[in-house]
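K.L.:
Have a look at the structure that comes next, please.
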Amino acid sequence: MTSYGKIFIKKTFEKLINELKAQKKLPALVFSDDRKLCEVLALGYAQKLENKELVMRREADTREARLAQKRQEKAEKKLQRKRDESQKEKEKKLNSQPDEQDERGSISAVNEILPECSLAFTFGIGKEDYEEIIKRIWFISDKSLFKRALKRGISYHHSGCNAKKRSVVEMLFRGKYLQVVNSTSTLALGIHMPCKTVVFAGDSPYLNSLQYRQMSGRAGRRGFDPVGNVIFFGIPYRKVQRLMTANIPKLVGNFPITVSLVLRLLLMTTQADDKEDALTKALVLLSNPFICRKYPLMETQIKLHFLFSVELLTRLSLINKETGAPQEMAGLATHLHYHEPSNYALVSFLRCGLFHKLCKPRKNGKFSEDVMRKMVLVLSHLFGRTCVHPSVMLRSPSSSKVILEDLPNEFVKAVKSYNRQVTDVFSQYLATVAQWLEKDRGEDNKLPLSGIEFPTKASTDDIDDNDMIKVLANSSVQYSACSSFAALSGNTDLQLQNTSQRTDDQSEDEFNTDDEEWKEEPLKYLLTIIRQDVYTDMNLVPILPVKSKLPLNAYALDFFKHGSSIVIENENGMQAGDVYNALKEFYLTIKSISCSLKELGPETDNVVLAFNQLAQEYGKKFKEEFEYGA
């Protein structure tokens, strides 16, 4: 058997913990990026401790029974020798036998866990404190393996657990009661849980030198341990060498402006009580971004990006054209800023009246199950965009749909209309930045990797007019924003201007391109032909793709239908911890939309009522599955 991999870890984990206990190197944190492995190792070890205790108690009972039999035989012999004793003395001897039996059964009647079958340090916190902490997870049965594992001093911790379970584990570990906690890397970020030993269990593509430094820094408690212990468990030796010798990656910074950030800043500066103070804070945030220390030219691009973000928000009617003050649905968009660009697509749907057409109540005022499912379908395309792995599509599901159905046609048209607005604004932004760079730095004539420079238009001034190079230069298509190398393929600045008009009115032949990417995602194509010194990141452009390269996972809709997280794991191909996080995020998003719409519209509006009903029904299923059914 190889000395790394999940199989090796599962088979030898018990030996590792027993050895750490023997060497007095507990408490320990066992880090693994596999949430399921964290649970399996912790609960599996607790189960083995329970089995060990059962065996020890059986052996103890058998040993006591043998001793009792010997005592009984000895007593009978003694009685035979004293047959002439009085009846009263015989009765006393007979009455003493039940006391002996009670003494023999005393070991079996003990309910406390044997010290040999537990890792818990019971002197860390008192029994009353332990019971008080455990009350936080009252909704979990006392017979559940999670609680039984806690009692024996071992547990697990990852973001897939609900907040109450995580807080109980953290409190018991800080109280020194828990001696082993299996956790993902999230425990190493900002949570105070120092230990004596850190174990890295299993390799992961996310385990790099930075994570190694962060996690290993947990080993060694100040004031308790002179040194901390770091153990690599089930990791190839070469990976261990790289982790210990690699340098920490340098901080570079990122592009600090997004459309949602601009909207939030405008909302803050216009609605604050002290407007001057709010404006000062906004300028501090926007001034001197860290990325400009390495790329000084980025400062102008950031300012231009801010202006074009304001232009887009104006076109989406989220801010006032004259004053810049946020209006109407700006609050809803800012509440869902972490879902950009889906938040703006949702606003577009609401403005178009698509949800009003969809949300038709029945005679009793309630909305049908079909309406609820269609709403979840639309919201899944916006806020539950998780792709299905190709291997999952080979399975034959029984309870789940797995692959998300296409967005209804009327919603697809609304998305395309929204994307055209964004494309129009940001294509102008790209053209403006590129033209400014052309004036500031000249023509883009240097290859990015080799650094080889080619002749520019300016270098042909001294060439004779009849020379072939001069003739070709004079007959070439003029460009400034487009890359010189992209222009060799017939690309021009026209493709960076009036993109939305090209989509609707102009033919593809006019732009001299047959590229499918141009037809499907024109802005993404433009990013490939722009000058190389223009900072281009598709993630900064709030475009919502109509079609995904891989099918989308229908986990949110499937859960709404059957309410089982186990089925989502088995049939939709999602990890256990990911299921909890994804469904919780989806439910909270629905709840946030419902609360925002209540503030915007009348309480009797059909869309407000429909989102309120959906939030209640989805929340009920989520809580039954995770909070009360855990």
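Residue 1 is where the sequence shown starts when you use UniProt numbering, and the numbers rise one by one after that.
All residues carry an ideal CB built from backbone N, CA and C; glycine is no exception.
How do the stretch 534–552 and the stretch 386–393 stand: do at least 3 beta-carbon pairs fall below 8 Å, yes or no?
P.N.:
Flag = yes, the stretch 534–552 and the stretch 386–393 touch.
K.L.:
Check each candidate in T269, P289, R362 and F255 and name the one with the smallest Cα separation from K281.
P.N.:
The residue labelled residue 281 in the question sits at position 281 within the sequence shown. Among T269, P289, R362 and F255, the Cα nearest to that of K281 belongs to T269.
K.L.:
Would you mind listing the alpha helix (DSSP H) stretches within the stretch 163–207 that are 4+ residues and don't spill past its ends, in chain order?
P.N.:
Runs of the alpha helix (DSSP H) inside the stretch 163–207: 163–174.
K.L.:
Just to confirm before moving on: does the CB-CB distance between V567 and S399 stay below 8 Å?
P.N.:
What you label residue 567 is simply residue 567 of the sequence shown in a count that begins at 1. What you label residue 399 is simply residue 399 of the sequence shown in a count that begins at 1. Going by C-beta atoms, V567 is nearer than 8 Å to S399.
K.L.:
To the nearest angstrom, how far is it from the Cα of Y130 to the Cα of L172?
P.N.:
Along the sequence shown, one-based indexing puts residue 130 at 130. Along the sequence shown, one-based indexing puts residue 172 at 172. Using only the alpha carbons, I get a separation of about 8 Å.
K.L.:
What is the C-beta distance between S483 and A414, in whole angstroms, given that I count them as a contact (C-beta under 8 Å)?
P.N.:
Within the sequence shown, residue 483 is the residue found at index 483, counting from 1. Within the sequence shown, residue 414 is the residue found at index 414, counting from 1. With a Cβ gap of about 34 Å, S483 and A414 do not count as contacting.
K.L.:
Which residue spans inside the stretch 238–276 form an unbroken alpha helix (DSSP H) run of at least 4?
P.N.:
Those alpha helix (DSSP H) runs which fall completely within the stretch 238–276 and span 4+ residues are 259–271.
K.L.:
Starting from V230, trace the beta strand (DSSP E) in both directions and tell me its first and last residue.
P.N.:
Stepping through the sequence shown from its first residue, residue 230 is reached at position 230. Start and end: N229 to F233.
K.L.:
Could you give the first and the last residue of the continuous beta strand (DSSP E) run that contains A28?
P.N.:
Looking up residue 28 in the sequence shown gives position 28. Here the beta strand (DSSP E) through A28 covers A28 to F31.
K.L.:
Determine the contact status of L29 and S118, defining contact as a CB-CB distance below 8 Å.
P.N.:
Indexing the sequence shown from 1 puts residue 29 at position 29. Indexing the sequence shown from 1 puts residue 118 at position 118. Cβ distance not < 8 Å, so L29 and S118 don't count as in contact.
K.L.:
Do we get a CB-CB distance below 8 Å when we pair L600 with the residues of chain B?
P.N.:
This model lacks chain B altogether, as it is built from one protein chain only.
K.L.:
Using DSSP's beta-bridge definition, name the partner residues of Y156.
P.N.:
For the purposes of this step, residue 156 is taken as the residue at position 156 of the sequence shown. DSSP, once it has assigned bridges, lists N182 as partnering Y156.
K.L.:
State whether the stretch 435–442 contacts the stretch 598–606, with contact taken as three or more CB pairs (one from each stretch) at a distance under 8 Å.
P.N.:
No, the stretch 435–442 is not in contact with the stretch 598–606.
K.L.:
My understanding is that G573 touches V376, with C-beta atoms under 8 Å, so please give their C-beta distance in whole angstroms.
P.N.:
Looking up residue 573 in the sequence shown gives position 573. Looking up residue 376 in the sequence shown gives position 376. G573 to V376, Cβ: 19 Å. No contact.
K.L.:
May I ask you to list the residues that DSSP assigns as paired with K357?
P.N.:
Within the sequence shown, numbered from 1, the residue matching residue 357 stands at position 357. None; K357 has no bridge partner.
K.L.:
Counting C-beta neighbours from all protein chains within 10 Å, is the total for V541 16 or more, i.e. buried, or is it exposed?
P.N.:
One-based indexing of the sequence shown puts residue 541 at position 541. Buried, since its Cβ has 16 or more Cβ neighbours within 10 Å.
K.L.:
Report yes if the CB atom of F355 is closer than 8 Å to the CB atom of V40, and no otherwise.
P.N.:
As a first step, residue 355 must be located in the sequence shown, where it is residue number 355. As a first step, residue 40 must be located in the sequence shown, where it is residue number 40. No, the pair does not count as a contact, with Cβ atoms beyond the cut-off.
K.L.:
Taking the alpha-carbon of F139 as reference, which of K165, E405, L557 and S155 has the nearest alpha-carbon?
P.N.:
Sequence index remark: in the sequence shown, residue 139 carries index 139 (1-based). Residue K165 is the option with its Cα nearest to F139.
K.L.:
CA-CA distance, V402 and N18?
P.N.:
The residue labelled residue 402 in the question sits at position 402 within the sequence shown. The residue labelled residue 18 in the question sits at position 18 within the sequence shown. Distance between the alpha carbons of V402 and N18 is about 43 Å.
K.L.:
Specify the secondary structure class of N553 as computed by DSSP and reduced to three states.
P.N.:
Stepping through the sequence shown from its first residue, residue 553 is reached at position 553. Three-state result, N553: strand.
K.L.:
Are V534 and L609 close, meaning C-beta to C-beta below 8 Å?
P.N.:
The count along the sequence shown starts at 1 and reaches residue 534 at position 534. The count along the sequence shown starts at 1 and reaches residue 609 at position 609. Taking 8 Å as the Cβ cut-off, V534 and L609 do not qualify as a contacting pair.
K.L.:
For T528, which residues from the same chain have a beta carbon less than 6 Å from its beta carbon, with the 5 sequence-adjacent residues on both sides left out?
P.N.:
Start at 1 with the first residue of the sequence shown, and residue 528 comes out as number 528. Around T528: no qualifying Cβ.
K.L.:
Is the Cβ-Cβ distance between A556 and K591 less than 8 Å?
P.N.:
Residue 556 sits at position 556 when you count from the first residue of the sequence shown. Residue 591 sits at position 591 when you count from the first residue of the sequence shown. For A556 and K591, no; Cβs fall outside 8 Å.
K.L.:
Spatial neighbours of F233 within its chain, please: C-beta separation below 7 Å, excluding the five flanking residues on both sides.
P.N.:
Taking the first residue of the sequence shown as position 1, residue 233 is located at position 233. Counting only Cβ-Cβ distances below 7 Å, and skipping sequence neighbours, we find I9, L16, V199, F200 and A201.
K.L.:
Count the other C-beta atoms from every protein chain shown that fall within 10 angstroms of the C-beta of F123, then say buried if there are 16 or more, exposed otherwise.
P.N.:
Position 123 of the sequence shown, counted from the start, is the residue given in the question as residue 123. Flag for F123 reads exposed.
K.L.:
With C-beta atoms as the reference, is L583 less than 8 Å away from F559?
P.N.:
In the sequence shown, residue 583 corresponds to position 583, counting from 1. In the sequence shown, residue 559 corresponds to position 559, counting from 1. For L583 and F559, yes; Cβs fall inside 8 Å.
K.L.:
When you compare only the Cα positions, how much space is there between T12 and E170?
P.N.:
The residue given as residue 12 occupies position 12 in the sequence shown. The residue given as residue 170 occupies position 170 in the sequence shown. Roughly 26 Å separates the two Cα atoms.
K.L.:
What alpha helix (DSSP H) runs, 4 residues minimum, are completely inside the stretch 553–628?
P.N.:
Entirely contained in the stretch 553–628, the alpha helix (DSSP H) runs reaching 4 residues are, in chain order, 555–562, 565–572, 576–600 and 606–622.
K.L.:
I125 by DSSP, collapsed to three states: which one?
P.N.:
For this step, residue 125 is matched to residue 125 along the sequence shown. Coil at I125, not helix or strand.
K.L.:
Between L451 and Q532, what straight-line distance do the alpha-carbon atoms span, to the nearest angstrom?
P.N.:
Here the question's residue 451 lines up with position 451 in the sequence shown. Here the question's residue 532 lines up with position 532 in the sequence shown. Per the sequence presented here, residue 451 reads as Gly, with Leu not at that position. G451 and Q532: Cα-Cα distance of roughly 12 Å.
K.L.:
Using the three-state DSSP reduction, which class does P326 fall into: helix, strand or coil?
P.N.:
As a working note, residue 326 is residue 326 in the sequence shown. Strand at P326.
K.L.:
According to DSSP, what are the bridge partners of C482?
P.N.:
Taking the sequence shown and counting its residues from 1, the one referred to as residue 482 is at position 482. DSSP output for C482 lists I530 as bridge partner(s).
K.L.:
Take Q97 and list the residues in its own chain whose beta-carbon comes closer than 7 Å to its own, dropping the five residues that flank it on each side.
P.N.:
Numbered from 1 along the sequence shown, position 97 holds the residue referred to as residue 97. Annotation note: pLDDT 47 at Q97 (below 50); position unreliable, no value reported.
K.L.:
Return helix, strand or coil for E453, following the three-state DSSP convention.
P.N.:
As a first step, residue 453 is located in the sequence shown; it is residue number 453 there, counting from the start. DSSP places E453 in strand when its eight states are reduced to three.
K.L.:
Rounded to the nearest angstrom, what separates G223 and V240 at their Cα positions?
P.N.:
As a first step, residue 223 must be located in the sequence shown, where it is residue number 223. As a first step, residue 240 must be located in the sequence shown, where it is residue number 240. So the alpha carbons of these two residues sit roughly 29 Å apart.
K.L.:
What distance in whole Å lies between the Cβ atoms of I530 and A434, which are believed to be in contact at a cut-off of 8 Å?
P.N.:
To locate residue 434, count along the sequence shown from 1; it is residue 434. To locate residue 530, count along the sequence shown from 1; it is residue 530. Rounded, the Cβ-Cβ distance is 6 Å, consistent with contact.
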